[in-house]
Amino acid sequence: MDDVTAFKPNLARYHALMDVVRNRLTTRAFRQDIPVPREHIEMVLEAARHAPSGANAQPWHYIVVTDPAVKKQIADYFVAEATKRAKMKMKFPTPNYRGLENAPGFVVVAADFRFLRAFPVLLDGSELDKLYQANAERILLQSVAASTMSAHLAAAALGYQVWWVTAIGQDDAQASLRPLLGVPDDLAIIDIMLFGVPAKPPYKRWKKTLPQIMNWDRFDMANYMTVEDIDAWVRETRHKVMYRDETKVD
Ligand SMILES: Cc1cc2nc3c(=O)[nH]c(=O)nc-3n(C[C@H](O)[C@H](O)[C@H](O)COP(=O)(O)O)c2cc1C
Numbered sequence: 198m199d200d201v202t203a204f205k206p207n208l209a210r211y212h213a214l215m216d217v218v219r220n221r222l223t224t225r226a227f228r229q230d231i232p233v234p235r236e237h238i239e240m241v242l243e244a245a246r247h248a249p250s251g252a253n254a255q256p257w258h259y260i261v262v263t264d265p266a267v268k269k270q271i272a273d274y275f276v277a278e279a280t281k282r283a284k285m286k287m288k289f290p291t292p293n294y295r296g297l298e299n300a301p302g303f304v305v306v307a308a309d310f311r312f313l314r315a316f317p318v319l320l321d322g323s324e325l326d327k328l329y330q331a332n333a334e335r336i337l338l339q340s341v342a343a344s345t346m347s348a349h350l351a352a353a354a355l356g357y358q359v360w361w362v363t364a365i366g367q368d369d370a371q372a373s374l375r376p377l378l379g380v381p382d383d384l385a386i387i388d389i390m391l392f393g394v395p396a397k398p399p400y401k402r403w404k405k406t407l408p409q410i411m412n413w414d415r416f417d418m419a420n421y422m423t424v425e426d427i428d429a430w431v432r433e434t435r436h437k438v439m440y441r442d443e444t445k446v447d
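Numbering follows our numbering, with no gaps: position 223 of the sequence shown is 420.
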């Protein structure tokens, strides 16, 4: 830009975006009587398509599920996984995954981990390569999350509410889900995106304040948590911030 004074921030557009960002609220039960038309699903996945990704590899696939029987089968897996976790005494506050089967917008997210080779890796089986591969895996997961988040925001912009579900469990659950959707074994089903009109009014959950996450020039140790702090947070706070209104967190 030749004239340095020519840049004008587009505040109206920022505030329009923030309205969507702030009001994307996780919803775990949807109205069955208000369907999501195909056009809206395409609009949501159009947003996913434009996401950034490491090496521009775009290692994602979205499978739109419309068959109520398949939705139910997938919900069954999640309910079974939640029961399994409860039996193992994982103590993770579990929502009611039956809500999945009634979600009008139902999109399964698959990642192609073979694209690790598109990132800086040696592929020689060495110890060093293991470190590069671990980093490559983080690049890949961040890429798919960037795309998925774009889709979530697009759904929220349309006025729907969303549910991001990762509680798939281990390889055996994936192995059961893949054939239901014709997903090749090389791909990993990593999460499910549900959206629709909420059955109950959604609520805003607790978010950290800006000073709690923003550090200028140096990490602010006031934001540092020890493992003991984190364990205490998990014990005393996690269940409240997952399910309660931010105004009710003590
Ligand atoms: C990566 C990721 C994984 C999540 N996995 C699940 C999940 O498996 N089940 C679930 O009910 N919610 C899941 N959520 C939703 C979170 O619980 C929710 O985003 C969080 O409580 C904050 O609430 P908010 O989305 O309304 O801001 C997930 C969210 C993200 C971003």
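The C-beta atom is built at its ideal place from N, Cα and C for all residues, glycine as well.
Item	Value
Who are the Cβ neighbours of Pro-249 in its own chain at under 7 angstroms, not counting the five residues just before and after it?	Ala-343
For a quick check, are the C-beta atoms of Ile-389 and Val-362 less than 8 angstroms apart?	yes
Which whole runs of the beta strand (DSSP E) in the region 252–301 are 3 residues long or more, in chain order?	257–261
Which first and last residues belong to the alpha helix (DSSP H) in which Leu-378 is found?	368–378
Roughly how many angstroms separate the alpha carbons of Ala-331 and Leu-338, rounded to a whole number?	11 angstroms
Look up Asp-326 in the DSSP assignment and say whether it is helix, strand or coil.	helix
First and last residue of the alpha helix (DSSP H) that includes Ala-429?	424–433
In or out: Tyr-421 buried (at least 16 other Cβ within 10 Å) or exposed?	exposed
Looking at the secondary structure, which residues open and close the beta strand (DSSP E) in which Gln-358 lies?	358–362
Apart from the five residues on each side of it in sequence, which residues of its chain come closer than 6 angstroms, Cβ to Cβ, to Val-261?	Ile-238 and Val-304
Evaluate contact between the region 343–356 and the region 207–219, counting only Cβ atoms and requiring at least three cross-stretch pairs below 8 angstroms.	yes
Looking only at its own chain, which residues have a Cβ that is under 6 angstroms from the Cβ of Val-431, when we skip the five neighbours before and after it?	none
Between Tyr-259 and Ala-266, what straight-line distance do the alpha-carbon atoms span, to the nearest angstrom?	19 angstroms
CA-CA distance, Asp-447 and Phe-289?	A caution first: Asp-447 carries a pLDDT of 42, below 50, which makes its placement in the model unreliable, though a value can still be read off. Straight-line Cα distance between these residues: approximately 20 angstroms.
In the DSSP assignment, what residue or residues form a beta bridge with Asp-388?	Val-306
Return the first residue and the last residue of the alpha helix (DSSP H) that Ala-209 is part of.	208–219
Roughly how many whole angstroms lie between the Cα atoms of Asp-426 and Glu-433?	10 angstroms
By the DSSP assignment, the alpha helix (DSSP H) with Val-241 in it spans what residues?	235–246
Quick check: the Cα distance between Thr-341 and Trp-257, rounded to an integer number of angstroms?	Note that residue 341 is Val in the sequence shown here, rather than Thr. Straight-line Cα distance between these residues: approximately 6 angstroms.
Under 7 angstroms: does the beta carbon of Val-362 sit that close to some heavy atom of ligand 1?	yes
Could you tell me whether the Cβ atoms of Ala-396 and Ala-279 are closer together than 8 angstroms?	no
Is Thr-223 helix, strand or coil when you go by DSSP?	strand
Within 7 angstroms: the Cβ of Met-215 and any heavy atom of ligand 1?	no
What number of angstroms, rounded off, separates the C-alpha of Asp-385 from the C-alpha of Thr-345?	Contrary to the premise, residue 385 reads as Ala rather than Asp in this sequence. Cα to Cα, Ala-385 sits roughly 15 angstroms from Thr-345.
Once the 5 residues before and after Tyr-329 are set aside, which same chain residues still bring their CB inside 7 angstroms of it?	Pro-317, Val-318 and Leu-319
Are Leu-391 and Phe-275 close, meaning C-beta to C-beta below 8 angstroms?	no
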